[in-house]
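S.K.:
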C-alpha cells in the first residue's frame, strides 16, 4: 500500500460508558469530518468497552478492511484504561516506559503544584516503535503506529484533548499520507423558518450543483431553533472548493435573504456580536424566564465585553419593579407574562444601562405556571432601540423548560439581529 | 446454547448517513436500555454503510461474539436499502416474497387512498425460515431469525418504528429467550476533586462489590468539572438491585463526604436548589466573567423561582459600580478581577436583592485580558451569607472561554452547596 494513497478508515471508540444507554460517541463526528477533508472515506465505526480482547479484535478486524484505523479513548491513568495494552498486543509491539513522556506528565502536575500520582505513570507506557503524539491539553499522549497493513492512530477520549491533538499533530501527518481529493464543508445557518420551508426555497438552487465541475452535495438539518444547510464540495484543493462554495453560498443567500444568519458556521450570538461591534452599539438584557441564558450566550463570544454592558435576571416580580422600574400596576393589570411587561423590561434595562439597545424577555418556561390563556411556552420578547423605538413578539414555544428557555433566547437574539440589519 | 440464557448482544446500525459528520445513531441507546433490563450486556456496537458486503461481514463477526445480534435500518423500499439481502445471504436463507406482508403493505397504502408503489414490493421479501415482525407504524416489517449460533433481530431505522416494533413484539419474545437477571444503574456525582483522587478513595470500596451476592461493577468518569461514578448492579429484580445499590451508595458516601453531590444523578444546580428550598433560603447572583451562566443554570431547575430572586450581569466596571455599589476605588486599587471586588459583588447583590445568600464572580475568561500576575482562567468566587459572613476562593482554571465560564459556575454553585451543608 502506497503511503500517500490512504483512502479508507475505521474508527474504534473505546469506553464501557459508550455502551450504556446514557452516552453516545461524538468524537467520531469530528474525526469523520477531518478524514473526509483529507479525502478519506469512513468504512465503518465501532464502539467497544474497556476490554483488552475486544479492543484488540476490533483493531485486527479493522486493519483487514481499511488503510487507517483511528482508536479513541481508554488512555487515562486508571485500571480500566487498557487501550495502550490492547494496541500493543494486537500490533505485537511490547510496551515500555518512555522517559520523555514520563517527564512531560510529571511537569504537567508540577505546574499545578502537585506531585504526579503513581497511577499516572501508566500513561508513559508506549508500544516499542510507536511515535508519541504530544497532548497539548492533557496528560495522556497519543500514538501513531505504521504497520505494513495500516496506519493506526490512537487519540485520547476527552473531546477537547482529541481535537487539540488532531489539529496539533495528526492532521499534518495524515495529510502527507493521504490522497489529494478532499471533501470540504460549509455550514449555513437559518433562523425563523421551518425545515420544509428552507428546503423548498433552497432545493431548486442546490439540486443543480451535484453535476457541477466541483460537485457540491447539500443536506438540510433541523437543529434546536435553527435550520442548517451543510454543503460538501469534492475538490482537489481547498482553493477550488472555496471558489465553488463561495458561489453556491451567494446563490443561497439571494433566496434566503435575512433568514440567513451566517455562512461560515458562526452562531447567532456571534453574528449579533459582529453587527453590534461593526455599528458601535451596545446592548443590555433584562431576563425573566430565560434566567440569564441570553446574557450567557452573548458573553460566550470572545470580546463581548465591548458591546455587552449589563444584564439583569429579574425572576421575581419584586425584582422586576425594584431593579428595572417595571410599574407594579402593569404586572397587576396584565400579568408578569405580558406584552407591556416585556416592553417595560426592555426599556428599563436600556435606560438603566445607558445602552443603545435593551432586550426584555418574560414568559412561562414551565412545567408549572401555565393557564389556558397563557399556556407553558408563552413568551414575550421585546427590543428597545435608539429613540425609544420598541418591538415586541409573542411566541408560543413547544417543549420542556430547557427548550423553551433556548427557543426564547434564540428569538430574542434574532429580533436584535434583524433589527441591526435594517 | 440454551435459548433462555441469551446474555450478550451486538447492535449493528445500517445507514450511510450514519457515517457522515452530521448524524449519530441513537437507536442503540434505546436498545441498550431495553437489552440491559432483560439482563443482556452489550458487547459492542457498530455502524456500517448501505453496503451488502459490509452488513454481511458485520453480522457474521457479531454472531461469533454474541448471542443476540440486532440489526437496525436499511429496510426501506429504495435501492440503497439492502439489509434484507445482506442478512439473507449471511444467514444462508434465500429471500422470497411473503404474501401476507405484501398484502399488509398494499392495504397500508390503500388506507391512504394510494396504490402501492412498485418499489415497496421489495419490503415483502423475507428470508426463508425467518419470522416476520409486524410494523405498527410503517411499511417495513422486521425479522426474527433463530440460528444455532445466535438470534438475529432486524428492526427498521426510523426511531418511532423501531421503538413501536420493539415494544409490540420484540421485547416479549426476547424476555422469553433471555435469563431473568437484569442490569440496574445508578450515577453518583462528585465535585471539587480530580478523577484520580476519586478513584483512589473509591476503588477500595467498590472493588469488593464485584463478588457480592448482587454484583455491582463500577466505572469512574471525568466530565466537565465533575467526576461520575456509574454503578451497575446485576440482579433478578429491581428491588434486589435497589437494596444493593442503596448499601453501596452509603459506603461511597461515607468515604466521599461532602464531595458527593448526588447519588440519584441530580445535577449540581438541582442539588443546590433542593438545599435552598429545604432551608427556606433565597439567593441572588452578581456575575462578571460567567456572564449570566450561573443564573441560567440555577433557573434551569423547575420551581427555581422559589429561591432564585434576582441576578446581575455586571460585565463593565461601570456596571459593577452603578448596579451593585462596588466602590470604584476597589476596582482601581485591586483590579476588577480581585478578591475585594468579588466580595463586593457578593455583598452588593445580597443586600440589593434582600436575599440570604449572594454569589459574586469575577475573572478572566479569555482569550484576551490575561497578565503574568493574573493569567486567563484566574477567577474569584465569593459567597456572602447570613450575618454578612463572606467566603472567597481564588481559582486557576484551565481551558478556553467556554470552559472557564463553566468551571467558574461550577465552583460558585459548589461553594454555595458546601456552605448550605454545614
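Protein chains in written order, with the working numbering: chain E, 19 to 440; chain Y, 19 to 440. From the three backbone atoms N, C-alpha and C, an ideal C-beta is built for every residue, glycine too. Remember, it's a predicted structure, so these values are computed and weren't measured experimentally.
Whole angstroms is fine: what's the gap from residue 20 of chain Y's alpha carbon to residue 191 of chain Y's?
M.R.: Summary for residue 20 of chain Y: the model assigns pLDDT 43, below 50, so the residue's position carries little reliability; its value from the coordinates is reported in the next sentence. Near 15 Å, if we compare the C-alpha coordinates of residue 191 of chain Y and residue 20 of chain Y.
S.K.: Considering only residues of the same chain and omitting the five flanking positions on each side of residue 341 of chain Y, which have a CB-CB separation below 6 Å?
M.R.: Correct list, in chain order: 330, 332.
S.K.: Could one say the Cβ of residue 99 of chain E lies closer than 8 Å to chain Y's Cβ atoms, at least one of them?
M.R.: Not an interface residue.
S.K.: Does residue 63 of chain E come within less than 8 Å of chain Y when only Cβ atoms are used?
M.R.: Judged by the 8 Å Cβ criterion, residue 63 of chain E is in contact with chain Y.
S.K.: Does the distance from the CB of residue 161 of chain Y to the CB of residue 105 of chain Y come in under 8 Å?
M.R.: It is a contact, given that the beta carbons lie within the stated cut-off.
S.K.: What does the alpha-carbon distance come out to for the pair residue 38 of chain E and residue 27 of chain Y?
M.R.: The alpha-carbon atoms of residue 38 of chain E and residue 27 of chain Y are separated by roughly 13 Å.
S.K.: Since residue 160 of chain E sits in a beta bridge, which residues does DSSP pair it with?
M.R.: Note: residue 160 of chain E sits in a beta bridge opposite E:151.
S.K.: Taking CB distances under 8 Å as the criterion, tell me whether residue 72 of chain E reaches chain Y.
M.R.: Yes, residue 72 of chain E counts as interfacial toward chain Y.
S.K.: Can you name, in chain order, every residue of its own chain whose Cβ lies under 7 Å from the Cβ of residue 78 of chain E, other than the five neighbours on each side?
M.R.: The residues are 108.
S.K.: Pick helix, strand or coil for residue 64 of chain Y, following the three-state DSSP scheme.
M.R.: In the structure shown, residue 64 of chain Y sits in a strand (DSSP, three-state: E or B).
S.K.: Could you list which residues in chain Y have their beta carbon closer than 8 Å to that of residue 138 of chain E, in chain order?
M.R.: Simply 214.
S.K.: Does the structure place the region 65–76 of chain Y close enough to the region 46–66 of chain E that three or more beta carbon pairs sit under 8 Å?
M.R.: Counting Cβ pairs under 8 Å, three or more are found: they touch.
S.K.: From which residue to which residue does the alpha helix (DSSP H) around residue 410 of chain E run?
M.R.: Looking at the DSSP string, residue 410 of chain E is not in any alpha helix (DSSP H); the run it does join, the beta strand (DSSP E), is 408–414.
S.K.: Provide the residue(s) that pair with residue 114 of chain E in DSSP beta bridges, ordered along the chain.
M.R.: In DSSP, residue 114 of chain E forms a bridge with E:144.
S.K.: What did DSSP end up calling residue 339 of chain Y once you bin it into helix, strand or coil?
M.R.: Residue state, collapsed to three classes: helix.
S.K.: Thinking C-alpha only, which one of Y:366, Y:368, Y:335 is nearest residue 352 of chain Y?
M.R.: Nearest C-alpha to residue 352 of chain Y: Y:335.
S.K.: Look up residue 105 of chain E in the DSSP assignment and say whether it is helix, strand or coil.
M.R.: In the structure shown, residue 105 of chain E sits in a helix (DSSP, three-state: H, G or I).
S.K.: Of the choices Y:397, Y:87, Y:346, Y:303, whose alpha-carbon is the least far from that of residue 165 of chain Y?
M.R.: Of the listed residues, the one whose Cα sits closest to residue 165 of chain Y is Y:87.
S.K.: Quick check on this structure: which residue in Y:298, Y:318, Y:217 has the alpha carbon closest to the alpha carbon of residue 384 of chain E?
M.R.: If we check each option's Cα against that of residue 384 of chain E, Y:318 comes out closest.
S.K.: Verify whether the separation of the beta carbon atoms of residue 376 of chain E and residue 365 of chain E is less than 8 Å.
M.R.: Closer than 8 Å, so yes.
S.K.: Quick one, which residues of the region 212–246 of chain E are near chain Y if we go by CB-CB under 7 Å, in chain order?
M.R.: Answer in chain order: 237, 239.
S.K.: With 9 Å as the limit, tell me which residues of the region 377–399 of chain Y have their beta carbon closer than that to any beta carbon of chain E; keep them in chain order.
M.R.: Answer set for the region 377–399 of chain Y: 383, 384, 385, 386, 387.
S.K.: Quick one, are the C-beta atoms of residue 249 of chain Y and residue 241 of chain Y less than 8 Å apart?
M.R.: Contact flag unset, no.
S.K.: Taking Cβ-Cβ distances shorter than 8 Å, what residues in chain Y pair up with residue 318 of chain E?
M.R.: What residue 318 of chain E touches in chain Y: 309, 419, 420, 423.
S.K.: Could you name the residues of chain E that residue 371 of chain Y contacts, counting a contact when the two beta carbons are closer than 8 Å?
M.R.: Near residue 371 of chain Y (Cβ distances below 8 Å), the residues of chain E are 337.
S.K.: Three-state secondary structure (DSSP) at residue 59 of chain Y?
M.R.: Of the three classes helix, strand and coil, the one that applies to residue 59 of chain Y here is strand, per DSSP.
S.K.: Which runs of the alpha helix (DSSP H), 4 residues or longer, sit entirely within the region 317–361 of chain E?
M.R.: List check, alpha helix (DSSP H) in window: 335–342, 346–352.
S.K.: So, residue 400 of chain Y versus residue 378 of chain Y, is the Cβ gap smaller than 8 Å?
M.R.: Against a cut-off of 8 Å, the Cβ pair of residue 378 of chain Y and residue 400 of chain Y comes out as a contact.
S.K.: Using the three-state DSSP reduction, which class does residue 276 of chain Y fall into: helix, strand or coil?
M.R.: Helix, per DSSP.
S.K.: Output yes or no for whether 8 Å exceeds the beta carbon distance between residue 238 of chain E and residue 262 of chain E.
M.R.: No, Cβ-Cβ distance for residue 238 of chain E and residue 262 of chain E is not below 8 Å.
S.K.: At the level of alpha carbons, what is the spacing between residue 247 of chain Y and residue 274 of chain Y?
M.R.: Their Cα atoms are separated by approximately 11 Å.
S.K.: Here's the rule: buried if 16 or more other CB atoms are within 10 angstroms of the residue's CB, otherwise exposed. What is residue 153 of chain Y?
M.R.: Buried is the call here.
S.K.: For residue 307 of chain E, which three-state DSSP category applies?
M.R.: Coil, per DSSP.
S.K.: Relative to the C-alpha of residue 301 of chain Y, which residue among Y:30, Y:322, Y:338, Y:179 is closest?
M.R.: Among Y:30, Y:322, Y:338, Y:179, the Cα nearest to that of residue 301 of chain Y belongs to Y:322.
S.K.: Given a threshold of 16 other Cβ atoms within 10 Å of its Cβ, counted over all protein chains shown, does residue 44 of chain E qualify as buried or as exposed?
M.R.: Residue 44 of chain E is exposed by the Cβ-count criterion.
S.K.: For the region 71–95 of chain E, which residues have a CB atom closer than 8 Å to at least one CB atom of chain Y, in sequence order?
M.R.: Here the close residues are 72, 75, 76, 79, 83, 94, 95.
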